[in-house]
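Numbering (the working numbering), first residue to last: 11 to 363.
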């Protein structure tokens with residue numbers, strides 16, 4: 011019999027990430043209970059989670075004896091100080107991606123977590139996207155052979171610069187830290203650390219001197235002869251394929267995007283009928299050769315499973331299993347982001363050290 015104990019969770023931040031992703035996914039895991047939420051939107055929190063106590067200050071949440079795990083879902087610049095405060099108080103910590111802004115901050119948090127023997131993880135939920143799960147299974151099956159070209163796009167049409175911190179010229183803001191963190195993490199899961207990085211990034215919306223953060227990037231990671239191309243932009247009205255992957259024996263072409271974020275925004279929850287299931291029109295097209303046989307068809311998408319992240323966090327805390335995403339993996343993403351920024355600033359390729 012599985013003697014599961016309860017994991018009491020304190021959530022700092024109830025903006026888009028906290029309300030759309032963190033709180034609903036935490037609530038979907040049996041044995042996890044949201045006991046405290048730090049937010050200025052008390053009425054919204056009480057409407058959504060009436061059993062959770064709303065507090066005004068992060069320090070009050072972190073000090074609570076009713077919190078075992080602190081989830082940091084605030085602006086990127088506050089990730090490191092809040093995570094440090096929580097670890098110092100003896101709490102396990104989950105940090106919304108990106109992990110930190112700088113490598114030094116991330117390394118300090120990892121050392122503190124190891125010293126205190128606490129769990130520290132980064133919320134890279136798009137490892138459990140329907141399309142990425144399907145692509146990863148396809149690559150690992152060997153149908154495509156050794157991969158020579160991998161392209162991943164995260165394009166949107168958002169012509170107006172909004173007043174959100176993510177779109178202002180602030181430390182840790184911009185598309186590279188935001189969507190880039192997802193694309194980089196997926197690439198590192200598949201291929202590991204690159205030989206070198208080359209990146210072009212910029213501001214394409216509004217006046218040139220608008221002071222907004224980067225809303226475009228084109229990042230190439232080199233692995234010998236293999237090229238991994240990661241691209242995101244904010245002025246793409248008609249998006250092309252999400253993934254274009256070519257190997258020595260096959261190709262994988264995928265349009266559309268995982269449906270889980272849209273479902274969460276509609277108020278749907280994991281476990282509902284059809285959760286994470288893509289429309290058949292978005293299933294990937296796959297072609298491969300095996301001997302004298304050439305095959306072209308559809309790769310049926312695996313269901314997406316964002317809830318798997320917090321299920322595995324629960325199992326790590328209660329049953330001593332491995333974390334779904336380690337802090338060192340989160341820090342590896344920050345390393346690539348910083349290399350990409352250096353590459354753009356110096357207009358050259360940057361070697362992975």
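Glycine included, C-beta positions come from ideal geometry on N, C-alpha and C.
Asked: For residue 295 and residue 359, the rounded distance between their alpha carbons; Found: 33 Å
Asked: Through-space distance from residue 297 to residue 306, alpha-carbon basis; Found: 4 Å
Asked: Other residues of its chain near residue 196: CB distance less than 6 Å, five sequence neighbours each side excluded; Found: 142
Asked: Cβ-based burial, residue 288 [other Cβ within 10 Å; buried from 16]; Found: buried
Asked: Cutoff 6 Å; reference residue 352; Cβ partners in own chain excluding five residues on either side; Found: 360
Asked: Short Cβ contact (8 Å threshold) for residue 258 with residue 155; Found: yes
Asked: Touching by the beta-carbon criterion (3+ pairs, under 8 Å), the stretch 311 to 318 and the stretch 266 to 278; Found: yes
Asked: Beta-carbon proximity of residue 46 to residue 20, cut-off 8 Å; Found: yes
Asked: Start and end residues, alpha helix (DSSP H) containing residue 272; Found: 270 to 275
Asked: The beta strand (DSSP E) enclosing residue 103, as first and last residue numbers; Found: 102 to 106
Asked: Segment contact, 8 Å Cβ cut-off, at least three pairs: the stretch 29 to 39 with the stretch 274 to 282; Found: yes
Asked: Segment limits, alpha helix (DSSP H) that includes residue 146; Found: 140 to 151
Asked: Best match in 201, 89, 162 and 181 for proximity to residue 192 [C-alpha to C-alpha]; Found: 162
Asked: Residues near residue 299 by beta carbon distance below 6 Å, same chain, minus five either side; Found: 259
Asked: Enclosing beta strand (DSSP E) for residue 154 [first to last residue]; Found: Counting along the chain, residue 154 falls outside any beta strand (DSSP E), and DSSP gives it neither H nor E.
Asked: CB contact flag (residue 315, residue 286, <8 Å); Found: yes
Asked: Anticipated Cβ contact below 8 Å, residue 327 with residue 102, distance rounded; Found: 6 Å
Asked: When 251, 178 and 293 are compared against residue 144, the one with the closest alpha-carbon; Found: 293
Asked: Selected residue, minimal CA-CA separation from residue 247, among 164, 113, 325 and 108; Found: 164
Asked: Sequence-distant residues of its chain with Cβ nearer than 6 Å to residue 63 (five each side left out); Found: 46
Asked: Residue 354 beta carbon less than 8 Å from that of residue 225; Found: no
Asked: Buried versus exposed, by CB contacts within 10 Å (16 or more), residue 183; Found: buried
Asked: For residue 131 and residue 255, believed in contact at Cβ under 8 Å, the rounded distance; Found: Not a contact, Cβ separation roughly 28 Å.
Asked: Runs of beta strand (DSSP E) wholly within the stretch 227 to 261 (minimum 3 residues, chain order); Found: 236 to 243 and 253 to 257
Asked: Residue 26, buried or exposed, once every other Cβ within 10 Å from all chains shown has been counted against 16; Found: exposed
Asked: Cutoff 8 Å; reference residue 219; Cβ partners in own chain excluding five residues on either side; Found: Below a pLDDT of 50, predicted positions are generally treated as unreliable, and residue 219, at 46, falls in that range; the measurement from the model is reported next regardless. Hits under 8 Å: none found.
Asked: Limits of the beta strand (DSSP E) - the one that residue 208 falls within; Found: 206 to 212
Asked: Rounded Cβ spacing between residue 83 and residue 111 (contact assumed at less than 8 Å); Found: 16 Å between Cβ atoms; not a contact.
Asked: Neighbourhood of residue 338 by C-beta distance below 7 Å, restricted to the same chain and skipping five residues each side; Found: 120
Asked: Residues that DSSP places opposite residue 163 in a beta bridge; Found: 241
Asked: Distance, residue 139 Cα to residue 17 Cα; Found: 25 Å
Asked: Contact under 8 Å by Cβ, residue 205 with residue 237; Found: no
Asked: Residue(s) in a DSSP beta bridge with residue 266; Found: Partner(s): none; residue 266 has no beta bridge.
Asked: Simplified DSSP state of residue 196, which is helix, strand or coil; Found: helix
Asked: Cβ distance (whole Å) where residue 215 is taken to contact residue 245 below 8 Å; Found: 6 Å
Asked: Anticipated Cβ contact below 8 Å, residue 171 with residue 133, distance rounded; Found: Rounded, the Cβ-Cβ distance is 26 Å, inconsistent with contact.
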